[in-house]
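Engineer:
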Amino acid sequence: MATIGELEQQAGIGSTDAERTAFWQRFRHLEGKACLDAGVAELKRVIAGHDGTAPRATRQRRERWPAPTHDEQAALRAYAVRHGRRWKSILGNVWMGGPPHDDGGILRRLRNTHGPTWLQSYRLPKADMRSGPDGSAAVSSEQAGQVKER
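Note that the sequence shown covers residues 14 to 163 in my numbering.
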């Protein structure tokens with residue numbers, strides 16, 4: 014089942030509030046569900062008229078990004094340790110051009126390949142949020158056995 018936004022996009026309705034409002038104004042005399050049903054039926058009719066086929070529900074797939082490399086994961090862990098629990102919002106702000114501009118080349122490359130949307134859904138494993146005894150970057154549970162004491 015397609016969302017109303019997807020149907021509007023397929024029908025060629027613009028994404029601005031003014032364009033969407035102009036489309037839906039035709040149905041304002043109807044109440045509640047009847048208004049939505051009439052609007053959806055019109056959207057499906059317009060879509061069918063564009064390509065000459067019967068209207069059908071389309072499902073958009075979520076985009077899959079490649080898993081971060083070991084270096085990228087280490088850079089994300091280090092950034093998370095350095096900035097604390099709000100690390101993703103801080104990094105997202107940096108990726109959009111805001112301060113503190115402290116993302117290195119690895120994180121910048123990750124921004125270019127995966128983007129801010131990926132960052133919002135990314136989760137570090139819980140074990141990776143620990144920092145080393147000397148305050149160094151987090152160490153995964155796999156690597157914890159390989160760390161030597163000084």
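Glycine included, every Cβ here is placed at the ideal spot set by N, Cα and C.
Hey, would you say His114 sits closer than 9 Å to Leu104, going by beta carbons?
Structural biologist: Residue numbering aside, residue 114 sits at position 101 when the sequence shown is read from its first letter. Residue numbering aside, residue 104 sits at position 91 when the sequence shown is read from its first letter. Going by C-beta atoms, His114 is not nearer than 9 Å to Leu104.
Engineer: Thr130 by DSSP, collapsed to three states: which one?
Structural biologist: Position 117 of the sequence shown holds residue 130. It is helical.
Engineer: Report, in whole angstroms, the separation of the C-beta atoms of Leu89 and Pro79, which I expect to be a contact under 8 Å.
Structural biologist: Taking the first residue of the sequence shown as position 1, residue 89 is located at position 76. Taking the first residue of the sequence shown as position 1, residue 79 is located at position 66. So it is not a contact: roughly 14 Å between Cβ atoms.
Engineer: If you drop the 5 nearest sequence neighbours on each side, which residues of the same chain put their C-beta closer than 6 Å to that of His127?
Structural biologist: Against the sequence shown, residue 127 aligns to sequence position 114. Closer than 6 Å at the Cβ level, and outside the excluded window around His127, lie Trp78.
Engineer: Pull up the CB-CB distance for Val59 and Ala15, whole angstroms please, since I reckon it's below 8 Å.
Structural biologist: Taking the first residue of the sequence shown as position 1, residue 59 is located at position 46. Taking the first residue of the sequence shown as position 1, residue 15 is located at position 2. The pair is not a contact, with the Cβ atoms about 13 Å apart (cut-off 8 Å).
Engineer: Going by CA-CA distance only, name the one from Arg39, Lys139, Ile26 that's closest to Val94.
Structural biologist: As a working mapping, residue 94 is identified with position 81 in the sequence shown. Among Arg39, Lys139, Ile26, the Cα nearest to that of Val94 belongs to Lys139.
Engineer: Rounded to whole angstroms, how far is the Cβ of Phe40 from the Cβ of Gly52, which I believe are closer than 8 Å?
Structural biologist: Here residue 40 refers to the residue found at position 27 of the sequence shown. Here residue 52 refers to the residue found at position 39 of the sequence shown. With 8 Å as the limit, Phe40 and Gly52 qualify as a contact, their Cβ atoms being about 5 Å apart.
Engineer: Please report the distance separating the alpha-carbon of Ala120 from that of Thr29.
Structural biologist: Looking up residue 120 in the sequence shown gives position 107. Looking up residue 29 in the sequence shown gives position 16. Looking at the sequence provided, one finds Leu at residue 120 rather than Ala. C-alpha separation (whole angstroms): 33 Å.
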